[in-house]
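Just so it is clear: in the sequence shown, position 121 is 121 by full-length UniProt numbering, and no numbers are missing. Quick reminder that beta carbons are idealized off the backbone N, C-alpha and C, glycines included. Comments concern the structure below.
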Amino acid sequence: MPMAAIQTLDFTCGGSAPYHRAMNTVEELLACEAARARALVERDYGTLAALLADDLLHVHSTGQVHCKDAYLAYVRGPLAFLSVERHGLKVTMLGKAALMTGAMSNVMQPPGPVAPVTVQSHVVQLWTASSTGWRLAVFQATRLPPMAQ
């Protein structure tokens, strides 16, 4: 896959402070995804909301579907994300949008006195360019079977 041309720009990922440096588009998108994962773990809902498109369609690995407001209410609930790790990410540019695919491993703490749960998924995401940075418009996770011990 050819890399996007490097450009110098003022880039804002979500609502974080803009920074000025040479960065290619794939690096921008990977930075946005890292910021999204960090926001989930740190329960930084302002940053998370800023990374999401207003018309977000979020499909969980369970098949549950949320719009932006419902998704933000869900992540504010009692389930805590202990870690969100991405592996093997591939970014394909589609004009003013980008398709991101790859593995995801979430460790979550359900409410109550129960052990944390690890969920392995394959994720497809569609990021769209806006005047203020990249926004996550579609997220679809497919749960993978548990790995053999």
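Of all the options the options, which has the alpha carbon lying nearest to the alpha carbon of residue i?
i	options	result
Val26	Ala97, Val138 and Pro145	Ala97
Val107	Val119, Arg43 and Pro113	Val119
Val41	Val138, Arg76 and Cys67	Arg76
His58	Gln125, Asp44 and Ser130	Gln125
Val117	Arg43, Val84, Ala70 and Gly133	Val84
Asp69	Arg86, Tyr45 and Pro111	Tyr45
Asn24	Pro111, His87, Val114 and Met93	Met93
Using a threshold of 8 Å, state whether the C-beta atoms of residue i and residue j are closer than that.
i	j	result
Met100	Val91	yes
Ala49	Leu72	yes
Gln64	Leu82	no
residue 158	Leu51	Given a span of 1 to 149 for the chain in the structure shown, any question on residue 158 remains unanswerable.
Might you give, ordered along the chain, the residues of its own chain that have their beta carbon closer than 8 Å to the beta carbon of residue i, omitting 5 neighbours on each side?
i	result
Leu89	Leu30, Glu33, Met100, Thr101 and Gly102
residue 158	The displayed coordinates of the chain run from 1 to 149. Any statement about residue 158 would go beyond what the structure contains.
Ser61	Val119, Ser121, Ala141, Thr142 and Arg143
Pro146	Gln120
Once the 5 residues before and after residue i are set aside, which same chain residues still bring their CB inside 6 Å of it?
i	result
Arg135	Ala53 and Thr128
Val138	Leu57 and Leu126
Kindly list the residues whose CB is nearer than 7 Å to the CB of residue i, restricted to its own chain and excluding five residues on each side of it in sequence; keep chain order.
i	result
Arg36	Leu48, Leu51 and Leu136
Tyr74	His66
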